[in-house]
Amino acid sequence: MLDYVTHLFRLKAIIEEGSLGRAAQRLNVTQPALSRSVSQLEKHFGQPILIRHSRGVAPTPFGERVLSSALGIERHWQLAEKLLQTDPAEGKTSIRIGAGPIWRGAILPEFINQLQKDFPKVVFELLSIEPRGSLRDLKEGRLDFVFTGVDLTPEGEPGISVMPFARILANVVARKNHPIFRHRGPDGTIAPIRLLDFPWVVYSAMPNYRDMMRHAIYEHLGVEPEVRVICDGLLPTLRLLELGDFLAVMPHAAINRDLTPNLRAVPAGLTPRRNQAAFFYRSEMDDWEIVQAIRRLCLQRFGPLESQKP
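In our numbering, the protein residues as written are 1200 to 1509.
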């Protein structure tokens, strides 16, 4: 097993350098040793991994898949080595957590505040993600954990574990003194038709919220609202909502009395829209203490998924 890990790490250097000669210099080994590693891998997998050309080498499509696995193994090895060290002089390891803006602002600070107490040898890096690329970043070790309401693995993904932990409610949001609240009826609700009286801002970093807005209003009124601003930044979107007469569909976590004290949900009687949020990580980390701790925090914060409203 260790021999193959060595071969994979050598392959990573060869592909990154694009040349056996440059990889040999970088690793301080001979070119024949690198060639033997490539031959061993190609024999083991039964497929060619590299294409030789006049300027050096490049990976085959299968070689790209092998490289992706090698990157994940390398990251796993780095983390395991650091977390097993007991000498303080060896330094700390970093755990890279990818999440969208609302998760980074409203939920994950609570988790990280507890985790940094329980795991003092770990430095937590909280990073933004592009949902379409975050699964590959996770598999190849550029991220260790991902929190998102976007379904990254609709068909399942080998090597990736998924813990669905929350059903996230999305609803119409406005500032607390917005004129739409003057139209509350005796039962405290607002007629959906009033949603058409005001301009809308769309938080475009999460396209599903635009779709939620359009579908929720269209199914009630048969028309779409007037969109005046499209914004891919969370803070500018929230600021526009606080300053103007805008409406928006946002996840319930955005209505946070500490972070956004001036925003309120608009009780317009639309059908609530829910996304299922999940915690993604590489499957080889299933029994790691830090993964188990995050799973417990998810349960403490949101409760069992089956007990949440569908």
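Backbone N, C-alpha and C define an ideal beta-carbon position, used for all residues, glycine too.
What are the start and end residues of each continuous alpha helix (DSSP H) run of 4 or more residues lying completely inside the stretch 1327-1413, in chain order?
Listed in chain order, the complete alpha helix (DSSP H) runs (minimum 4 residues) inside the stretch 1327-1413 are 1330-1338.
Could you give the residue range of the beta strand (DSSP E) that holds Gly-1255?
First-last of the beta strand (DSSP E) with Gly-1255: 1255-1258.
Among the residues of its own chain, which have a CB less than 8 Å from the CB of Leu-1498, if the five just before and after it don't count?
Here Leu-1498 has Phe-1364 as same chain residues with Cβ atoms under 8 Å from its own Cβ, once five neighbours each way along the sequence are excluded.
Would Asp-1343 be called buried (16 or more neighbouring beta carbons within 10 Å of its own) or exposed?
Classification of Asp-1343: buried, given that the 10 Å Cβ count is 16 or more.
How many angstroms separate the CA atom of Ala-1476 from the CA atom of Ala-1212?
Between the C-alpha atoms of Ala-1476 and Ala-1212 there is a straight-line separation of about 37 Å.
Whole-Å CB distance - Thr-1436 paired with Val-1490, under 8 Å assumed
Contact flag wrong, Cβ pair sits at about 32 Å.
Reduced DSSP secondary structure (H/G/I, E/B, other) of Gln-1475:
Reduced to three states, the DSSP call for Gln-1475 is strand.
DSSP-derived helix/strand/coil call for Gly-1245
Secondary structure at Gly-1245: coil, using DSSP grouped into helix, strand and coil.
Cutting at 6 Å between CB atoms, please list the residues of its own chain near Thr-1205, excluding the five before and the five after it.
Nothing meets the Cβ criterion.
Am I right that Ile-1328 and Thr-1347 are in contact with their C-beta atoms under 8 Å? What's the rounded C-beta distance?
About 7 Å separates the CB atoms of Ile-1328 and Thr-1347; that is less than 8 Å, so the two are in contact.
Quick check: what's the CA-CA separation for Thr-1182 versus Glu-1425?
This structure cannot settle anything about residue 1182, because the visible part of the chain is limited to 1200 through 1509.
Would you call the stretch 1324-1340 and the stretch 1453-1462 in contact, with 3 or more CB pairs under 8 Å?
Contact fails: fewer than three Cβ-Cβ distances are below 8 Å.
Is it right to say Val-1256 is buried, meaning 16 or more other beta carbons lie within 10 angstroms of its own, or is it exposed?
Residue environment for Val-1256: buried (at least 16 other C-beta atoms within 10 angstroms of its C-beta).
State the CB to CB distance for the pair Ile-1296 and Leu-1307, rounded to an integer number of angstroms; the pair is presumed to be in contact (CB under 8 Å).
That belief holds up - the Cβ atoms of Ile-1296 and Leu-1307 are roughly 7 Å apart, short of 8 Å.
How about Val-1465 and Leu-1446: do their beta carbons lie closer than 8 Å?
Going by C-beta atoms, Val-1465 is nearer than 8 Å to Leu-1446.
Between Glu-1372 and Ala-1453, is the Cβ-Cβ spacing less than 8 Å?
Sequence inspection shows Val at residue 1372; the Glu mentioned does not correspond to that position. Result yes, Cβ atoms of Val-1372 and Ala-1453 sit closer than 8 Å.
Buried or exposed for Ser-1268, please, with buried defined as at least 16 other CB atoms from any protein chain shown within 10 angstroms of its CB.
Exposed, since its Cβ has fewer than 16 Cβ neighbours within 10 Å.
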